[in-house]
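Here the structure comes first, spelled out in structure tokens, and everything after it is commentary.
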Amino acid sequence: MFTRIQSALQAEHITVYRIVETVEETAELFFVRHALDQRRITDVTEYQVTVFRDGKNGSGEPTRGFTSVTLDPSLSDEQLAEALRGAYFAAKFAANPYYDLPEPVQAPPVEKTGPLAETPLAESAGVMTEALFAADVREGAFLNSAELFVSRLKRRILSSEGTDVSYTDASVKGEFVVQCPSPEDVEMHVTYAYGELEPEALQAKVAEALTFVADRARASRTLKSGKYDVVFSGNALRTVLSYYAERSSASTLYAKYSGWKCGDDVQGEGVTGEALDLTLCATVPYDGEGIPMADLPLVGEGKLLAVHGGNRFCRYLGVKPTGNFSKLRCGNGKIPFEALKKAPCLWAVTFSDFQMDSFSGHFGGEIRLAYLIGEDGSVTPVTGGSVNGSLFEAQKDLQFSSERYETATYEGPYAVRMSGVSVSGSEA
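Residue numbers (the numbering used here): 8 to 435.
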């Protein structure tokens, strides 16, 4: 197929291009309660071709536009040529200031190792299925349904500039629904994703979700509006920390949505809590443009250490392209979780839609379940209301748990405590 694509590109006089071949095998399982409702084994091959078109703008300055198109191996030669011709024509209308493409890289294939990458898909799916249901033993709350996807892929990146690299990868992802019918019928949807075989982590996630949904079913609407010390955990913490990755990306800096530069105190001055220690993690050896990936320290002692991003915007800023990262590691965490939430606070557990605004620094969402911890140590499950906080105000006094939490996109403390966060109550 590479030869067919290259021949078609040559016939269309397209000289600058990138071809990404992805071959992905997936075992897909769908459950209703503990019964297997459907099973699928897929094996998909596709080619994403990016064509570049150079020209000049009205002022005579050089430009470079690009368009990507996904091609199926079943396309005829005529259909293949037509798709590439259309993409090249469209690139004419996507002209950007000119930039150099990534430096060419040629290297032997990189093979992912470990149980998930080396074990047959069906066997890995069996291990994770067992973990999925192992914690479903709670009285009054149960696993309603679940989806499990175990994937293994091979990717090759070939460019007109001379890049020719390939690697293998593997992943587990899916979602499940937990339900508690009494005293109020409540469901919670939970997603999960891992880059390794993590049965213990999935079992713990199900157990936690069953506890949360049971408490949500009996939660009261007694939360008063005011300022609280708020504890965020799990995916909500990952969402908050994404602020630092987004604000330091080359695309954000080039658009002047952020004025950060290396060495800036991005956590602010006068930090009284833990100084941030953040790293962008390379989960694959090459990004989609063929840029070699390596772990990149992002924030250390609260200061920005690096600017990161894909080729085009890094070129515009005059910094070395790092590739696009999908995983963030936080090295903080000194306080045991039980101690972290011992003093009065609101442990906000699940939200209907929790978001972090990287432009304003505000975060928030509607509370589905939180635990109100009182002066006397009492713990009251509450629901309703919303959190609306400012990271600008809270980041100087961050306290992280020593317990760790890991998914495909995050590795770091399980929880963080912030002081003085605004909460709109649910009390009538």
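The beta-carbon is built from N, C-alpha and C at its ideal position, and this holds for glycine as well.
> Using a Cβ-Cβ cut-off of 6 Å (strictly less than) and excluding sequence neighbours within five positions of V238, which residues of its own chain qualify?
Replying inline: Locating residue 238 in the sequence shown gives position 231, counting from the first residue. Setting aside the 5 residues that flank it on each side, V238 is surrounded in the same chain by K348, C352, W354, A422, R424, each with a C-beta closer than 6 Å to its C-beta; the list follows chain order.
>> Could you tell me which whole alpha helix (DSSP H) segments of length 4 or greater appear in the segment 125-188?
In response: For the alpha helix (DSSP H) assignment, the uninterrupted runs of no fewer than 4 residues enclosed by the segment 125-188 are, from N- to C-terminal side, 128-141.
> Going by DSSP, which residues form a beta bridge with I380?
Replying inline: Here the question's residue 380 lines up with position 373 in the sequence shown. Answer is C352, V386.
>> If contacts are defined as beta-carbon pairs under 8 Å, then G134 and V185 qualify, I think. What distance do you get, rounded to the angstrom?
In response: Here the question's residue 134 lines up with position 127 in the sequence shown. Here the question's residue 185 lines up with position 178 in the sequence shown. The question names Gly, yet the displayed sequence has Val at residue 134. So it is not a contact: roughly 21 Å between Cβ atoms.
> For S189 versus A177, is the C-beta distance shorter than 8 Å?
Replying inline: Sequence index remark: in the sequence shown, residue 189 carries index 182 (1-based). Sequence index remark: in the sequence shown, residue 177 carries index 170 (1-based). With contacts defined as CB atoms closer than 8 Å, S189 and A177 fail to qualify as a contacting pair.
> Are the beta-carbon atoms belonging to L139 and A124 less than 8 Å from one another?
Replying inline: By one-based count along the sequence shown, residue 139 stands at place 132. By one-based count along the sequence shown, residue 124 stands at place 117. No Cβ-Cβ contact shorter than 8 Å links L139 with A124.
>> Checking the sheet assignment: what are the DSSP bridge partners for D61?
In response: Walking along the sequence shown from the start, residue 61 turns up at place 54. Its beta-bridge partners are R71.
> Mind checking if V157 is an interface residue toward chain D, Cβ cutoff 8 Å exclusive?
Replying inline: Absence of chain D from the displayed structure is noted, only one protein chain being present.
> So what's S359 in DSSP terms, helix, strand or just coil?
Replying inline: For the purposes of this step, residue 359 is identified with residue 352 of the sequence shown, where counting begins at 1. S359: coil per DSSP, three-state reduction.
>> Could you compute how far the alpha carbon of L165 sits from the alpha carbon of V23?
In response: As a working mapping, residue 165 is identified with position 158 in the sequence shown. As a working mapping, residue 23 is identified with position 16 in the sequence shown. A direct Cα-Cα distance of roughly 11 Å separates L165 from V23.
> Near A401, what residues of its chain come up, given a Cβ to Cβ distance below 6 Å and the 5 sequence neighbours on each side ignored?
Replying inline: Residue 401 sits at position 394 when you count from the first residue of the sequence shown. Here A401 has M425 as same chain residues with Cβ atoms under 6 Å from its own Cβ, once five neighbours each way along the sequence are excluded.
> How should H315 be labelled, buried or exposed, when 16 other C-beta atoms within 10 angstroms of its C-beta is the threshold for buried?
Replying inline: Translated into positions along the sequence shown, residue 315 becomes position 308. Its Cβ being crowded by 16 or more others within 10 Å, H315 is buried.
> What's the C-alpha gap between A289 and K334?
Replying inline: In the sequence shown, residue 289 corresponds to position 282, counting from 1. In the sequence shown, residue 334 corresponds to position 327, counting from 1. Answer to the nearest angstrom: the Cα atoms are 7 Å apart.
> What did DSSP end up calling Y293 once you bin it into helix, strand or coil?
Replying inline: In the sequence shown, residue 293 corresponds to position 286, counting from 1. Of the three classes helix, strand and coil, the one that applies to Y293 here is strand, per DSSP.
> For G381, does the count of other Cβ atoms within 10 angstroms reach 16, so buried, or fall short, so exposed?
Replying inline: If you number the sequence shown from 1, residue 381 lands on position 374. So G381 counts as exposed.
>> Looking at P111: is its Cβ nearer than 8 Å to the Cβ of T57?
In response: Here residue 111 corresponds to residue number 104 of the sequence shown, with the count starting at 1. Here residue 57 corresponds to residue number 50 of the sequence shown, with the count starting at 1. No; because the gap between Cβ atoms is not below 8 Å, this pair is not in contact.
> Can you check whether the CB of P122 is closer than 8 Å to the CB of L204?
Replying inline: Here residue 204 is taken as the residue at index 197 of the sequence shown, counted from 1. Here residue 122 is taken as the residue at index 115 of the sequence shown, counted from 1. Cβ distance < 8 Å, so L204 and P122 count as in contact.
> According to DSSP, which residues form a beta bridge with S397?
Replying inline: As a first step, residue 397 is located in the sequence shown; it is residue number 390 there, counting from the start. The partner list for S397 (beta bridge, DSSP) reads H369.
>> Among S409, Y250, N339, whose alpha-carbon lies nearest the alpha-carbon of D364?
In response: Locating residue 364 in the sequence shown gives position 357, where the first residue counts as 1. Comparing Cα positions, the closest option is Y250.
> If you check the beta carbons only, do G309 and D272 fall under 8 Å apart?
Replying inline: Residue 309 sits at position 302 when you count from the first residue of the sequence shown. Residue 272 sits at position 265 when you count from the first residue of the sequence shown. Contact flag set, yes.
> CB-CB under 8 Å to G270, same chain, minus the five flanking residues each way: which ones, in chain order?
Replying inline: Taking the sequence shown and counting its residues from 1, the one referred to as residue 270 is at position 263. So the qualifying residues of the chain are K310, L311.
>> I'd like the span of the beta strand (DSSP E) that includes T33, first residue to last.
In response: Along the sequence shown, read from residue 1 onward, the residue named residue 33 stands at position 26. T33 -> beta strand (DSSP E) spans 24-39.
> When the Cα atoms are used, what is the spatial distance from E418 to E19?
Replying inline: What you label residue 418 is simply residue 411 of the sequence shown in a count that begins at 1. What you label residue 19 is simply residue 12 of the sequence shown in a count that begins at 1. Between the C-alpha atoms of E418 and E19 there is a straight-line separation of about 46 Å.
> How long is the line joining the alpha carbons of R375 and G391, rounded to whole angstroms?
Replying inline: The count along the sequence shown starts at 1 and reaches residue 375 at position 368. The count along the sequence shown starts at 1 and reaches residue 391 at position 384. Between R375 and G391, the C-alpha separation is close to 6 Å.
> Grouping DSSP H, G and I as helix and E and B as strand, with all else coil, what is S81?
Replying inline: Taking the sequence shown and counting its residues from 1, one reaches residue 81 at position 74. Coil.
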